[in-house]
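J.: Structure provided below as structure tokens; questions to follow.
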Amino acid sequence: MRFTGRSTFGLAALISVVLTLGTLAIGRVAYQITHHAIEQQLDHRIDTETRALLVEPGADRSAAIGAAIRRRLGAPIENDLDYLLVDRNGTRIAGDLDPAMKLVPGYEEFFRSKDGLVGQAMTTRLSDGALLVVRADRAGLRTIDRRLRALFDWSIGAMLLLGLGGAWTLSALTRARLRRMDRTALAIIKGDLSQRMPVSGSGNEFDRLATTLNQMLDRIAALMLNLRQVSSDIAHDLRTPLTRLRHRLEEAARGEEADRAASIEAAIGQANELLEIFSALLRISEVEGLGVRKHFRTVDLSTTLTDFAETYRPDLEQRGDRFDVDVEPGIEISGDRRLLIQLVSNLLDNALHHTPPGTHVRLSARRVAEGIRLSVADNGPGIPPEARARLFERFSRGDASRSSSGHGLGLALVSAIVTAHHGTVTLSDGPGFEIVALVGPAGLEPAT
Amino acid sequence: MRILIVEDDAETCAFIARGLTESGHVVVTASDGRDGLFHATDGSFDVLIIDRMVPAIDGLSLVKMLRTGQCATPVLMLTAMGGIDDRVEGLEAGADDYLVKPFAFSELAARIQALARRPVLQADPARLSLGDIELDFARRLVRRAGRKVLLQPREFLLLAELMRNPGRIVTRTMLLERVWDLDFEPKTNIVETHLSRLRAKLNAGFDEDAIETVRGAGYRVRGN
């Protein structure tokens with residue numbers, strides 16, 4: 225039986241049936257115990273009574289006991305015991321019992337008499353051969369039995385009814401709540417992304433689920449917005465070089481033979497710029513897709529960084545910059561060497577192209593408590609505060625004028641590369657401009 | 025040279041074929057992998073240009089089949105943009121060089137020249153000498169006309185790459201790939217910077233420029 229696949233009603237009904245069966249079993253045991261206790265009590269009673277009769281004083285045992293029996297039967301108080309005393313020939317000496325069965329010494333659970341009554345009896349042989357029977361009426365036991373059974377029947381019936389009713393109510397309530405979520409989801413599917421799951425504020429599990437779903441929807445909405453933003457940014461950023469390309473080609477088409485070659489060369493330059501934007505975008509989305517992780521190897525970060533940094537030294541020093549490389553030796557990381565180089569290359573490109581000559585540029589990498597801290601910092605003018613928020617998004621530029629080179633894709637790729645390496649990237653608060661990549665322990669585990 | 029082009033995009037194929045024919049090569053084209061395999065196995069080609077995504081048999085499989093079939097003709101693989109690991113996969117399959125589309129024709133031409141003249145064994149000799157320049161790999165030493173030239177490690181690698189291709193153009197992208205192991209173009213012209221330093225050091229005290237810049241194409245050291 226699979227419980228998980230059942231409807232709420234099915235599940236609740238099943239539970240109530242199981243509970244009912246359980247109660248039935250407990251009732252059955254309780255009934256048995258009660259029944260036995262009462263039977264034992266009756267046995268005890270006839271036993272006591274028999275003993276009491278046996279010690280009646282008198283030389284003739286039969287006569288003395290017979291007199292005692294008669295006395296008891298003649299007493300005005302209600303006595304639910306029946307007696308019989310017969311001599312060794314079976315002749316009645318005393319008692320009101322007409323046995324419908326042969327008398328055998330000992331206990332008899334179901335002693336029938338000729339009046340059709342059944343009782344619990346004890347037969348004892350006296351020393352003179354006479355037989356004494358003391359029988360207790362089982363009517364009381366039967367009444368108790370009957371009442372217990374009735375009680376169980378009613379309570380179990382009621383329980384089953386309540387259980388099934390409860391199951392139905394529960395499932396109806398669940399359905400109603402889920403239907404509200406369902407309606408919201410359908411509205412979202414139809415395109416209304418502003419819809420949110422109803423939250424009653426009660427904090428129950430439905431509310432918690434609704435809250436989680438709403439957070440998920442918020443995230444999706446934010447991503448959608450970002451996507452829309454990126455698409456319109458792409459369109460916007462491609463329009464400029466495409467327009468220039470077109471102008472160049474128009475010039476080439478109508479221009480003098482001498483100018484034509486220059487125009488065509490300029491047009492090729494524009495086309496290359498467009499292609500560069502495309503390949504940068506493709507690379508960002510490829511890295512963001514995280515498929516690159518399956519090719520991760522253990523990379524000697526320290527050597528890679530110090531080696532590659534030297535490539536930039538001539539360009540930086542040519543401008544009169546100071547370039548410090550402060551890399552702790554022996555740092556290893558699970559990653560993609562080329563992507564890590566591209567990360568540093570993009571950051572150093574930024575330092576080189578967005579600061580005035582004579583800037584102090586510093587590349588550092590060291591182990592910290594949280595993992596590895598990689599940073600490229602400069603003491604240049606930094607960026608305006610309003611540019612900070614979108615800094616790592618595609619087509620965002622630190623300088624609002626958009627005058628400086630680049631398409632605002634460098635830091636987006638940096639961010640994607642750091643994320644692929646299980647890290648986080650931030651812009652430091654201090655003066656100048658410092659990008660800090662923090663790669664946590666997940667990024668340090670040896671590649672498999 | 026006899027060159028086979030396996031490329032399914034008719035326009036790209038025509039563009040390459042036209043360019044190569046104009047440079048005096050003999051070109052055969054195939055529009056799918058099976059056709060390509062048929063032509064390639066006749067063994068009369070000097071270079072094979074194979075697109076990664078061709079119908080019937082894809083480029084990677086085609087190269088693998090050729091290499092298992094003892095065909096050693098140099099292969100230049102072409103691919104559309106993207107794929108960070110495309111290049112590695114291509115080289116692992118047995119291609120000798122890899123070029124990402126779109127490319128300038130001069131880039132393709134330079135690579136074909138480099139491939140066709142490539143010695144079968146790629147291992148560097150202990151020393152290379154070209155004109156008055158002598159390169160000692162074991163001791164990492166460079167001399168010009170017997171005079172010692174002190175180079176930075178990267179400058180040494182740069183010169184070595186140029187000298188492995190005497191008389192042939194080596195493009196910027198080829199240098200980025202082979203000297204820096206980069207598969208992207210940094211915004212900073214690191215190739216230009218390092219070349220100008222290398223040139224300054226090599227040419228100090230000489231009239232003749234050791235490295236020739238071929239405008240719009242790349243760099244070249246003169247052959248013997």
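Going line by line, the protein sequences match chains A and B.
Numbering of the first sequence is given in this note's numbering, commencing with residue 225 and proceeding in unit increments.
Numbering of the second sequence is given in this note's numbering, commencing with residue 25 and proceeding in unit increments.
For glycine and all other residues, C-beta sits at the position ideal for the given N, C-alpha and C.
None of the values given here were measured: they were computed from a predicted structure.
With a CB to CB cut of under 6 Å and the five nearest residues on each side skipped, what residues in its chain are close to residue 625/A?
T.: Here residue 625/A refers to the residue found at position 401 of the first sequence. Summary for residue 625/A: the model assigns pLDDT 41, below 50, so the residue's position carries little reliability; its value from the coordinates is reported in the next sentence. Counting only Cβ-Cβ distances below 6 Å, and skipping sequence neighbours, we find nothing.
J.: CA-CA distance, residue 344/A and residue 395/A?
T.: Counting from one through the first sequence, the residue named residue 344/A turns up at place 120. Counting from one through the first sequence, the residue named residue 395/A turns up at place 171. Straight-line Cα distance between these residues: approximately 53 Å.
J.: Would you mind telling me which residues of chain A sit closer than 7 Å to residue 151/B, beta carbon to beta carbon, in chain order?
T.: Here residue 151/B refers to the residue found at position 127 when the second sequence is read from its first residue. None at all; the shortest Cβ gap to chain A is about 25 Å.
J.: Who are the near neighbours of residue 628/A in its chain, counting only those whose CB is closer than 7 Å to its CB and skipping five residues on each side?
T.: Looking up residue 628/A in the first sequence gives position 404. No answer about residue 628/A holds up, because its pLDDT of 48 lies below 50 and its placement is not dependable.
J.: Short check: CB of residue 233/A to CB of residue 411/A, under 8 Å?
T.: In the first sequence, the residue the question calls residue 233/A occupies position 9. In the first sequence, the residue the question calls residue 411/A occupies position 187. In this structure, residue 411/A does not lie closer than 8 Å to residue 233/A by Cβ.
J.: Per the contact definition of three or more C-beta pairs closer than 8 Å, is the region 164 to 174 of chain B in contact with the region 88 to 106 of chain B?
T.: Contact fails: fewer than three Cβ-Cβ distances are below 8 Å.
J.: State the DSSP-derived secondary structure class of residue 661/A, mapped to helix, strand or coil.
T.: Here the question's residue 661/A lines up with position 437 in the first sequence. In this structure, residue 661/A counts as strand in the three-state DSSP scheme.
J.: Taking C-beta pairs closer than 9 Å, name the residues in chain A that residue 110/B reaches, listed in chain order.
T.: As a first step, residue 110/B is located in the second sequence; it is residue number 86 there, counting from the start. Correct list: empty, because the minimum Cβ distance to chain A is about 10 Å.
J.: Could you tell me whether the Cβ atoms of residue 139/B and residue 98/B are closer together than 8 Å?
T.: Here the question's residue 139/B lines up with position 115 in the second sequence. Here the question's residue 98/B lines up with position 74 in the second sequence. Yes, Cβ-Cβ distance for residue 139/B and residue 98/B is below 8 Å.
J.: Which first and last residues belong to the beta strand (DSSP E) in which residue 294/A is found?
T.: Translated into the one-based positions of the first sequence, residue 294/A becomes position 70. Here residue 294/A belongs to no beta strand (DSSP E); instead the alpha helix (DSSP H) covers 285 to 298.
J.: Helix, strand or coil: which one does DSSP assign to residue 205/B?
T.: Against the second sequence, residue 205/B aligns to sequence position 181. Reduced to three states, the DSSP call for residue 205/B is coil.
J.: When the distance is taken between beta carbons, is residue 154/B closer than 8 Å to residue 177/B?
T.: Taking the second sequence and counting its residues from 1, one reaches residue 177/B at position 153. Taking the second sequence and counting its residues from 1, one reaches residue 154/B at position 130. Cβ atoms of residue 177/B and residue 154/B: not closer than 8 Å.
J.: Taking the alpha carbon of residue 602/A as the reference point, which residue from 590/A, 614/A, 661/A and 571/A has its own alpha carbon closest?
T.: Indexing the first sequence from 1 puts residue 602/A at position 378. Residue 571/A is the option with its Cα nearest to residue 602/A.
J.: Tell me the rounded alpha-carbon separation between residue 54/B and residue 644/A.
T.: As a working note, residue 54/B is residue 30 in the second sequence. As a working note, residue 644/A is residue 420 in the first sequence. Residue 54/B and residue 644/A: Cα-Cα distance of roughly 40 Å.
J.: In chain A, which residues lie with their C-beta within 9 Å of the C-beta of residue 76/B?
T.: Position 52 of the second sequence, counted from the first residue, corresponds to residue 76/B. Within 9 Å Cβ-Cβ: nothing; residue 76/B doesn't reach chain A, min ~15 Å.
J.: Please state whether the Cβ-Cβ distance between residue 360/A and residue 270/A is less than 8 Å.
T.: The count along the first sequence starts at 1 and reaches residue 360/A at position 136. The count along the first sequence starts at 1 and reaches residue 270/A at position 46. Yes, these two residues count as a Cβ contact at 8 Å.
J.: I need the straight-line Cα distance from residue 121/B to residue 514/A, nearest angstrom please.
T.: On the second sequence, position 97 is the one that residue 121/B refers to. On the first sequence, position 290 is the one that residue 514/A refers to. Computed Cα separation, rounded: 27 Å.
J.: Three-state secondary structure (DSSP) at residue 628/A?
T.: By 1-based counting over the first sequence, the position of residue 628/A is 404. Because residue 628/A carries a pLDDT of 48, less than 50, the predicted location of this residue cannot be relied on, and no value is offered for it.
J.: Just to make sure I have the definition right: I need the residues of chain A whose C-beta is within less than 9 Å of the C-beta of residue 214/B. Which are they?
T.: Taking the first residue of the second sequence as position 1, residue 214/B is located at position 190. 535, 536, 538, 539 and 569, listed in chain order.
J.: Name, in chain order, the residues that DSSP records as bridge partners for residue 647/A.
T.: To locate residue 647/A, count along the first sequence from 1; it is residue 423. Residue 647/A is bridged to 663/A.
J.: Just to confirm the assignment, what range does the alpha helix (DSSP H) spanning residue 239/A have?
T.: Along the first sequence, read from residue 1 onward, the residue named residue 239/A stands at position 15. Counting along the chain, the alpha helix (DSSP H) containing residue 239/A begins and ends at 232 to 278.
J.: Exposed or buried, residue 131/B, counting other C-beta atoms within 10 Å across all chains shown (16 or more means buried)?
T.: Sequence index remark: in the second sequence, residue 131/B carries index 107 (1-based). So residue 131/B ends up on the buried side.
J.: How about residue 244/A and residue 380/A: are their beta carbons less than 8 Å apart?
T.: Walking along the first sequence from the start, residue 244/A turns up at place 20. Walking along the first sequence from the start, residue 380/A turns up at place 156. Going by C-beta atoms, residue 244/A is nearer than 8 Å to residue 380/A.
J.: Identify the residues that DSSP records as bridge partners of residue 559/A: which are they?
T.: In the first sequence, counting from the first residue as 1, residue 559/A sits at position 335. Paired residue(s): 521/A.
J.: Please state whether the Cβ-Cβ distance between residue 101/B and residue 93/B is less than 8 Å.
T.: Within the second sequence, numbered from 1, the residue matching residue 101/B stands at position 77. Within the second sequence, numbered from 1, the residue matching residue 93/B stands at position 69. No.
J.: Does DSSP classify residue 101/B as helix, strand or coil?
T.: One-based indexing of the second sequence puts residue 101/B at position 77. In this structure, residue 101/B counts as strand in the three-state DSSP scheme.
J.: For the region 462 to 491 of chain A, which residues have a beta carbon sitting closer than 9 Å to at least one beta carbon of chain B?
T.: Within the region 462 to 491 of chain A, the residues whose Cβ lies closer than 9 Å to some Cβ of chain B are 489, listed in chain order.
J.: Compare the C-beta of residue 625/A with all C-beta atoms of chain B and state if any pair is closer than 8 Å.
T.: Counting from 1 along the first sequence, the entry for residue 625/A is found at position 401. With a pLDDT of 41 at residue 625/A, under the threshold of 50, the modelled position of this residue cannot be trusted, and the question is left open.
J.: Looking at C-alpha atoms only, which residue of 494/A, 592/A and 241/A is the closest neighbour of residue 471/A?
T.: Looking up residue 471/A in the first sequence gives position 247. With distances taken between Cα atoms, residue 471/A lies closest to 494/A.
J.: Would you call the CB atoms of residue 616/A and residue 631/A closer than 8 Å?
T.: What you label residue 616/A is simply residue 392 of the first sequence in a count that begins at 1. What you label residue 631/A is simply residue 407 of the first sequence in a count that begins at 1. No. Outside cutoff.
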